[in-house]
Amino acid sequence: MATSKPSKLRQQLAHEAARFLRERPGLRHSDAKRLAAERLSVSEVLPRDVPSDAEVVYQLQELESAAKGPDWKRRFVRYAELLRPL
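Residue numbering for the sequence shown follows the numbering used here, beginning at 10 and increasing consecutively.
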C-alpha cells in the first residue's frame with residue numbers, strides 16, 4: 010500500500026509547531042500544534058491534517074540543523090528513521 014504525501018497544511022502545521030517548540034522549550038506538542046493552527050489562521054483542522062508528534066520533531070530537527078550548519082547529523086537522523094522498521 011502506497012503512502013500518500015502529507016498535505017501542504019499538515020506540513021505547514023508541523024513546521025510552525027516546531028518553531029513554537031524551539032521558541033518555548035517547555036511547550037507540549039499538542040499546545041504547539043494548536044498555536045500553529047492559530048498562527049496560520051486555520052479555523053478548523055481536519056484530523057488528517059494534524060501532524061504527528063514525529064513529524065513535528067522532524068521539523069524541529071530540521072530547524073536546529075539548519076541553524077547549526079553541518080548536514081551530517083540531519084542525514085544520520087533521517088537514515089536512522091528509514092532503517093528503524095528493519
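We put the CB at the ideal spot given by N, CA and C, even for glycine.
Nearest residue (CA-CA) to residue i, options the options
| i | options | result |
| --- | --- | --- |
| residue 34 | 22, 24, 69 | 69 |
| residue 48 | 71, 73, 29, 87 | 29 |
| residue 62 | 23, 73, 46 | 23 |
| residue 27 | 86, 46, 13, 14 | 46 |
| residue 16 | 39, 44, 57 | 57 |
Environment of residue i [buried if 16+ CB atoms lie within 10 Å]
| i | result |
| --- | --- |
| residue 90 | exposed |
| residue 88 | exposed |
Backbone CA spacing between residue i and residue j [nearest angstrom]
| i | j | result |
| --- | --- | --- |
| residue 51 | residue 18 | 9 Å |
| residue 55 | residue 80 | 34 Å |
| residue 112 | residue 42 | No answer is possible for residue 112: the residues shown for the chain start at 10 and end at 95. |
| residue 83 | residue 20 | 18 Å |
| residue 65 | residue 37 | 11 Å |
| residue 95 | residue 85 | 16 Å |
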